[in-house]
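In our numbering, the protein residues as written are 135 to 547. Heads up, the beta-carbon is just placed ideally off N, CA and C, and yes, glycines get one too. Just so it is clear, the structure is predicted and the values come from calculations on it, not from any experiment.
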């Protein structure tokens, strides 16, 4: 299985809280922040993994705070995440870095400290007794699908206090269906269609239907942040480090928003062309074939794949990974494969044998789709594919083409 084992969702609900429970929850917020800060202070400069911070700080929290045993564990984990974030932004060291401070009125809950009931109510652990609150959201709203569907199980959640009100950001997770390797499958539906997707840096994704998703702004922002990080490290003041942390958060948020938009566009393209399968190159191999990619780009491509996977699963579209080797060098018309078919600087493909020309990323996307078809995707659920989706219609690897105007009705199998 590629990527996380679960799809994750968040359902935001308001809590109906009486005056007594309000005070209990508010006290819990204050003690949680204090506990997280004590854990950071204890572990800072010593360790940063969850297990290490928990081992070092757990007893300290139990002695110095009113947090229960499980919330003491969760606080050490939250501290470890905060320290790890500093290390990631500071080239792996806490030297001259600003220690995290906890000011946000937020408490982490998990299934040991929170119980969700079928009657739209929840029980939450506090520093005193548990509180029992009703969840406030309209019938038929998006939250209902997660509460009423047994596939979605409660997961780590966040209680947030703002403007005198408590909101619970309920976490849910559902098992991700297995993403089959490309050589596991035999095709069972002769008219099923696959959307091929080539991943890269200049274009973060290109589909076999010739839809291009530019990575230029993503790459530009990342480069600017890297330069800023170098400058601020040289400045080495508390103000500079605070600015660096804020810039890092903005950069991460922009990247995630961009990748969510691209993922939505890819799934939209698959739906428009009646595709049952979306095929990507295997992520590890893709990274090795992109010399211009760094750790950030590897992270971005993994997140993009995850975002596409959970959107596609909701719409009954499967996701497959194939070996991407030579997909940018192989001619989709005659099959001739040669490194000189591709002009990387011009992002141009021209077959030395038959003269076929195309954008090299587009050529690669079609080859990803064809490779998925030849290997036979996703036999575990009986979904095969014979056609690769193009902007003008659909085509088999052997060149049998059906134009869009002849497809009276594009229907997803």
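Of the residues the options, which one's Cα is nearest the Cα of residue i?
{"i": "residue 432", "options": "459, 335, 469", "result": "335"}
{"i": "residue 211", "options": "198, 229, 244", "result": "244"}
{"i": "residue 405", "options": "539, 305, 452, 301", "result": "452"}
{"i": "residue 448", "options": "215, 398, 483, 178", "result": "398"}
{"i": "residue 228", "options": "173, 462, 180", "result": "180"}
{"i": "residue 349", "options": "423, 501, 357", "result": "357"}
{"i": "residue 280", "options": "389, 390, 307", "result": "307"}
{"i": "residue 291", "options": "188, 401, 250", "result": "250"}
{"i": "residue 226", "options": "367, 441, 403, 526", "result": "367"}
{"i": "residue 230", "options": "241, 375, 309, 271", "result": "375"}
{"i": "residue 377", "options": "263, 232, 477", "result": "232"}
{"i": "residue 389", "options": "274, 430, 408", "result": "430"}
{"i": "residue 174", "options": "153, 197, 214, 481", "result": "214"}
{"i": "residue 360", "options": "199, 382, 347", "result": "382"}
{"i": "residue 499", "options": "198, 428, 346, 408", "result": "346"}
{"i": "residue 419", "options": "443, 238, 459", "result": "459"}
{"i": "residue 296", "options": "289, 252, 238, 193", "result": "238"}
{"i": "residue 288", "options": "535, 266, 252", "result": "252"}
{"i": "residue 188", "options": "176, 450, 533", "result": "176"}
{"i": "residue 415", "options": "428, 495, 275", "result": "495"}
Given a cut-off of 9 Å on the beta-carbon distance, is the pair residue i and residue j in contact?
{"i": "residue 190", "j": "residue 169", "result": "no"}
{"i": "residue 439", "j": "residue 466", "result": "no"}
{"i": "residue 217", "j": "residue 166", "result": "no"}
{"i": "residue 493", "j": "residue 461", "result": "no"}
{"i": "residue 220", "j": "residue 372", "result": "no"}
{"i": "residue 352", "j": "residue 393", "result": "yes"}
{"i": "residue 309", "j": "residue 158", "result": "no"}
{"i": "residue 470", "j": "residue 476", "result": "no"}
{"i": "residue 208", "j": "residue 147", "result": "no"}
Just how far apart, CA to CA, sit residue i and residue j?
{"i": "residue 474", "j": "residue 437", "result": "32 Å"}
{"i": "residue 202", "j": "residue 299", "result": "24 Å"}
{"i": "residue 434", "j": "residue 171", "result": "31 Å"}
{"i": "residue 160", "j": "residue 151", "result": "11 Å"}
{"i": "residue 236", "j": "residue 143", "result": "25 Å"}
{"i": "residue 539", "j": "residue 523", "result": "14 Å"}
{"i": "residue 223", "j": "residue 255", "result": "40 Å"}
{"i": "residue 182", "j": "residue 468", "result": "54 Å"}
{"i": "residue 386", "j": "residue 186", "result": "26 Å"}
{"i": "residue 457", "j": "residue 489", "result": "25 Å"}
{"i": "residue 384", "j": "residue 363", "result": "13 Å"}
{"i": "residue 149", "j": "residue 294", "result": "10 Å"}
{"i": "residue 400", "j": "residue 391", "result": "14 Å"}
{"i": "residue 141", "j": "residue 277", "result": "16 Å"}
{"i": "residue 270", "j": "residue 305", "result": "16 Å"}
{"i": "residue 454", "j": "residue 340", "result": "16 Å"}
{"i": "residue 446", "j": "residue 285", "result": "16 Å"}
{"i": "residue 506", "j": "residue 484", "result": "23 Å"}
{"i": "residue 403", "j": "residue 302", "result": "34 Å"}
{"i": "residue 550", "j": "residue 472", "result": "Residue 550 lies beyond the residue range present for the chain, which begins at 135 and ends at 547; the question has no answer from this structure."}
{"i": "residue 423", "j": "residue 344", "result": "21 Å"}
{"i": "residue 268", "j": "residue 184", "result": "33 Å"}
{"i": "residue 482", "j": "residue 444", "result": "32 Å"}
{"i": "residue 199", "j": "residue 282", "result": "37 Å"}
{"i": "residue 205", "j": "residue 266", "result": "18 Å"}
{"i": "residue 273", "j": "residue 164", "result": "33 Å"}
{"i": "residue 417", "j": "residue 192", "result": "38 Å"}
{"i": "residue 365", "j": "residue 427", "result": "22 Å"}
{"i": "residue 153", "j": "residue 242", "result": "22 Å"}
Write down the C-beta distance between residue i and residue j rounded to the nearest angstrom, noting that I regard them as a contact closer than 8 Å.
{"i": "residue 326", "j": "residue 479", "result": "Contact doesn't hold; Cβ gap of about 37 Å is too wide."}
{"i": "residue 396", "j": "residue 338", "result": "6 Å"}
{"i": "residue 413", "j": "residue 529", "result": "That belief does not hold up - the Cβ atoms of residue 413 and residue 529 are roughly 14 Å apart, past 8 Å."}
{"i": "residue 240", "j": "residue 162", "result": "Wrong, their Cβ atoms sit about 11 Å apart, outside the cutoff."}
{"i": "residue 531", "j": "residue 508", "result": "6 Å"}
Under the rule that 16 or more other beta-carbon atoms within 10 Å means buried, what is residue i, buried or exposed?
{"i": "residue 354", "result": "exposed"}
{"i": "residue 501", "result": "buried"}
{"i": "residue 487", "result": "exposed"}
{"i": "residue 257", "result": "exposed"}
{"i": "residue 155", "result": "buried"}
{"i": "residue 526", "result": "exposed"}
{"i": "residue 410", "result": "buried"}
{"i": "residue 234", "result": "buried"}
{"i": "residue 342", "result": "buried"}
{"i": "residue 369", "result": "exposed"}
{"i": "residue 632", "result": "This structure gives no information on residue 632, because the portion of the chain shown stretches from 135 to 547."}
{"i": "residue 533", "result": "exposed"}
{"i": "residue 441", "result": "buried"}
{"i": "residue 450", "result": "exposed"}
Heavy atom of the ligand FMN less than 8 Å from the Cβ of residue i, yes or no?
{"i": "residue 384", "result": "The ligand FMN is not among the ligands present in this structure, which contains no ligands whatsoever."}
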